[in-house]
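Enquirer: Numbering (this note's numbering), first residue to last: 947 to 1084.
By construction, the Cβ of each residue, glycine as well, lies at the ideal position given by its N, Cα and C atoms.
(1) Per DSSP, residue 951 forms a beta bridge with which residues?
(2) Assuming residue 950 and residue 987 form a contact by the criterion Cβ under 8 Å, report the distance between their Cβ atoms to the nearest whole angstrom.
(3) Looking at the structure shown, is residue 994 part of a helix, part of a strand, or coil, going by DSSP?
(4) Once you ignore the five residues that flank residue 980 on each side, which residues in its own chain have a CB closer than 7 Å to its CB?
(5) State the beta-bridge partners of residue 1049 as determined by DSSP.
(6) Locate the alpha helix (DSSP H) running through residue 1007, then write down its first and last residues.
(7) When the Cα of residue 1031 is compared with those of 999, 992, 1083 and 1061, which residue comes out closest?
(8) Flag this pair as yes or no: are the beta carbons of residue 1052 and residue 1081 separated by less than 9 Å?
(9) Looking at the unbroken alpha helix (DSSP H) that takes in residue 1076, where does it start and where does it end?
(10) Could you check if residue 1044 is buried or exposed, using at least 16 other CB atoms within 10 Å of its CB as the buried criterion?
(11) Is it buried or exposed for residue 958, if we count other Cβ within 10 angstroms and need 16 for buried?
(12) Please return the same chain residues whose Cβ sits closer than 7 Å to the Cβ of residue 1065, not counting the five positions on each side in sequence.
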């Protein structure tokens, strides 16, 4: 599934909606920005992890194809247990991939963020995206 919208809050609302549809597993995907059309893009990806209740795994080809066509803002996924605080595994994966991780908690209805020290994403699009949203950034 792909969702496009110019408003950041509508993008976050769609992640919340998708998370609510799949409450028995972590959902995952990408957030991007299309500079030409001035629009944010969400791509819902299949979770390939064997333990979908506690983890997620995205096919690397999905990442490469998405990044080819969009300014990459970050990876999103849901937590079906606990809060929006990124797990140690989320933080480690964020650092190893050099990609920010947006975490949506079904329980709290809030977003968390893990931001890597090194960037392999569009920093300007990312900064614009997080500028006016309320997000846990531990």
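Expert: A quick look at the data gives this:
(1) According to DSSP, which records beta bridges pairwise, residue 951 is partnered with 986.
(2) 5 Å
(3) coil
(4) 987 and 1016
(5) 1023 and 1058
(6) 1006 to 1015
(7) 1083
(8) no
(9) 1069 to 1076
(10) exposed
(11) buried
(12) Correct list, in chain order: 1044.
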